[in-house]
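Remarks on the structure that follows.
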Amino acid sequence: MAAEISRLRQEVSSLDAEIRSFRREIIALKAAANLGVQRQQSSSSSVNAGEAVPLNDSSAMSSPSNLEIQQAIDDEMAHLIQLRSDTQAALSAARTTWAELRAQSPQEAWPGSMPP
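Heads up, the sequence shown is in our numbering, so the first residue is 914 and it goes up one at a time.
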């Protein structure tokens, strides 16, 4: 049971790291899309060269292919969050079971405990 708790704890940690990494990639993609929009707009006469486009500007992600990319990103993030949630629930259940087992058995029967 202790090995299962340790494994689940490591899995939650790995999923959290993957989610953080994925979020950084999303930010980089949005920044790159924003830069492309800024370059397009700065080359046209309707925008001043020094004017910035906000990161949440919908024009950066409005083409059909970009909308498909956005949907794929949303789906992947939802999947990662669901995996983390499921793993945390399993970890919580394993910890509860572990605590119940330890409460029902005498302390000298616990692994690593010294006999009286």
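Where is the CB? At the ideal position from N, CA and C, for every residue including glycine.
{"query": "Contact under 8 Å by Cβ, Leu921 with Leu1004", "result": "yes"}
{"query": "Stretch-stretch touch, CB-based, cutoff 8 Å, three pairs: the region 989-996 with the region 927-942", "result": "yes"}
{"query": "Cut-off 7 Å between Cβ atoms - residues of its own chain near Leu1014, not counting five sequence neighbours on either side", "result": "Met914"}
{"query": "Proximal residues to Gln1001 (C-beta, below 7 Å), its chain only, five neighbours per side dropped", "result": "Val925"}
{"query": "Rounded distance between the beta-carbons of Arg1008 and Ile940, thought under 8 Å", "result": "Rounded, the Cβ-Cβ distance is 34 Å, inconsistent with contact."}
{"query": "Short Cβ contact (8 Å threshold) for Glu981 with Phe935", "result": "no"}
{"query": "Where Ser1018 falls: helix, strand or coil (DSSP)", "result": "coil"}
{"query": "Through-space distance from Gln951 to Ser868, alpha-carbon basis", "result": "The first residue shown for the chain is 914 and the last is 1029, placing residue 868 beyond what the model contains."}
{"query": "Own chain residues within Cβ distance below 7 Å of Glu938, not counting five before or after", "result": "none"}
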